[in-house]
Amino acid sequence: MRARRRPFFWKDQRLFCVIAILRTAVQGDLSPAEMKLLQYLYPRFLTALCRLRSLEREHSVRMDFEQFLSRLPLPTILLRWNLKPIYQNQAARDFCAVWEKGPEQAKLTNATSPIPSEILDRCRLLKQQWPHAQRPIAPQTGFKEERVHHPRSPHLRATVHLKQLSSAGVALPHFLVECEDLHSSAGHRAGLTKSRLPHIVRLTRREQEVARLVCEGRSNQEIADDACLSLPMVKKHLHAVFRKLEVPSRTRLVALMQ
Amino acid sequence: MQRLKGNPKTGMKREAVIDPALEKPLLSLHAAINVGSFWKAVQQLLSAAIPNRLIGLMLRPNPILPMIARWTLPMPNGFVAAEPLKSYIAGQPRRRFVRISDLFSNRSSLMKSAFYRRYMASRRCAHGVGLFFGKTRDSFV
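Chains as they are written, first to last, in this note's numbering: chain A, 1 to 258; chain S, 1001 to 1141.
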């Protein structure tokens, strides 16, 4: 009875697609040869539909992961074998801008910078080494990692990994680039313990900077001058910090950070 | 479908895998990455395979989503939910092909039906077939 009320259900199957073909009286009803051709095409339609469903499901999961990754303040870049970017989060874009233009210039301009040539050169070097390498058997094989430092600012460091799924038969390996500013990391390490790291990780780079300046005892106006921000923007960042760390005041924030 | 000559060296004749005219539309079908490209490929493939007046695609990939319906000519809503097709589908589970002639006992009953008047007469259609695709409910996430 349920199936009678709902035309898109069969007894133990769900009807998810119907293709209708209508013909004129002149064209006539379908001949046995035409029905045989439709029987031949039926599994092709079904395969294409199943593939479409898998693709859409995979795409939606990928979009969710990309949104999640874009909220993380850990600068990360993914590159294809041909060195074209697959993914780059906002923190990585900021890192590239700092690498190319320097910290002061990067703060003043919002323009995006390309992936630094030093990092790309190191990727090319790994590509040359890949065909001759002995790779261990693992779900995801990391071949080798290479570290690149900025020629003039060695505290800017990028770690390049060349990775491939061991089950991959067709897909070429890809590059994972983890970027790091050792100065800010060292500063954080000096002032912060490991237990506080999860709180910091949830903040954006700007929010971390504002939180750090609050902990140094600066007023909102001093933070605005120091970080080249307007006063309302500082208040907005500070509000976001309070909300994310679930603290009601700057005193509690300082207590939490220390 | 056609019969092709096999490898002359072996002297064997082989059944053609597919009509060459369908190869390109079939490739488009398998390259479809969204509903738009799938619908375009379905039109190309069926137009190349079978003479027809109009083609329709009704898709409900998920029970919670509204049905997606595409037609090559304007068509009123509710084709699959219309009687007697709806009852026929419900009563014939897992049937992959349903001809319009299966729904009616004779030609005059088709001509007198509301289904014919609503969906076929104005589009000058008199015959048709539906391809039905199902999936076990357990396999849906």
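Note that beta-carbon positions come from the ideal geometry of N, C-alpha and C, so glycine has one too.
Rounded separation between residue i and residue j - CA only
i        : j        : result
F1038(S) : H161(A)  : 37 Å
S60(A)   : S1108(S) : 50 Å
R1099(S) : A25(A)   : 14 Å
I1033(S) : L125(A)  : 35 Å
V1042(S) : M1075(S) : 17 Å
V214(A)  : P103(A)  : 21 Å
T204(A)  : A91(A)   : 8 Å
F1104(S) : R1123(S) : 19 Å
Q88(A)   : L69(A)   : 9 Å
A240(A)  : E207(A)  : 7 Å
V234(A)  : T251(A)  : 17 Å
S54(A)   : I1055(S) : 25 Å
L1131(S) : L1057(S) : 10 Å
R62(A)   : I86(A)   : 12 Å
T1072(S) : L38(A)   : 19 Å
K1086(S) : K84(A)   : 51 Å
N82(A)   : E209(A)  : 36 Å
E180(A)  : R157(A)  : 5 Å
E1023(S) : R23(A)   : 23 Å
W99(A)   : P248(A)  : 36 Å
S113(A)  : K101(A)  : 8 Å
R44(A)   : S1028(S) : 11 Å
F259(A)  : A255(A)  : Limits of chain A in this structure are 1 at one end and 258 at the other, which puts residue 259(A) out of reach.
S117(A)  : K144(A)  : 19 Å
D1102(S) : P32(A)   : 15 Å
L253(A)  : E66(A)   : 30 Å
V148(A)  : A211(A)  : 29 Å
Cβ distance (whole Å) where residue i is taken to contact residue j below 8 Å
i        : j        : result
F16(A)   : K1135(S) : 5 Å
L231(A)  : Q221(A)  : 6 Å
A1048(S) : A1031(S) : Not confirmed; about 16 Å, so no contact.
A106(A)  : D121(A)  : That belief does not hold up - the Cβ atoms of A106(A) and D121(A) are roughly 21 Å apart, past 8 Å.
I21(A)   : V1080(S) : Actually they do not touch by this definition, with Cβ atoms about 14 Å apart.
F1133(S) : L49(A)   : 6 Å
R1118(S) : A1090(S) : Not really, about 19 Å apart at Cβ, beyond 8 Å.
W130(A)  : P173(A)  : 7 Å
M35(A)   : F1097(S) : 7 Å
H155(A)  : L182(A)  : 4 Å
L1045(S) : L1059(S) : Going by Cβ atoms, the distance from L1045(S) to L1059(S) rounds to 16 Å, so no, they are not a contact pair.
V177(A)  : L79(A)   : 7 Å
Q27(A)   : H1127(S) : 7 Å
Continuous alpha helix (DSSP H) stretch holding residue i: start and end
i        : result
Y1119(S) : Counting along the chain, Y1119(S) falls outside any alpha helix (DSSP H), and DSSP gives it neither H nor E.
A1069(S) : Premise fails: A1069(S) lies in the beta strand (DSSP E), 1068-1071, not in any alpha helix (DSSP H).
E180(A)  : Here E180(A) belongs to no alpha helix (DSSP H); instead the beta strand (DSSP E) covers 174-181.
D226(A)  : 220-226
A255(A)  : 250-257
L213(A)  : 205-215
V241(A)  : 231-245
Q90(A)   : 90-101
D121(A)  : 117-129
Coarse secondary structure for residue i, derived from DSSP in three states
i        : result
H149(A)  : strand
W81(A)   : coil
Q164(A)  : strand
A171(A)  : coil
D1019(S) : coil
Contact test: residue i Cβ vs the ligand COA heavy atom, cutoff 8 Å
i      : result
K36(A) : With respect to the ligand COA, the structure shown offers nothing to examine, as it has no ligands at all.
At what residue ranges does the stretch 1077-1133 of chain S contain a whole run of the beta strand (DSSP E), taking only runs of 3 or more? 1097-1099
Within the stretch 1031-1062 of chain S, note down every full beta strand (DSSP E) run reaching 3 residues or more, in order along the chain. 1054-1059
Every unbroken alpha helix (DSSP H) within the stretch 3-78 of chain A, with a cutoff of 4 residues, ordered by chain: 32-70
What residues in the stretch 1043-1060 of chain S have a beta carbon less than 8 Å from any beta carbon of chain B? Considering every chain present, this structure includes no chain B. Its protein chains are A and S.
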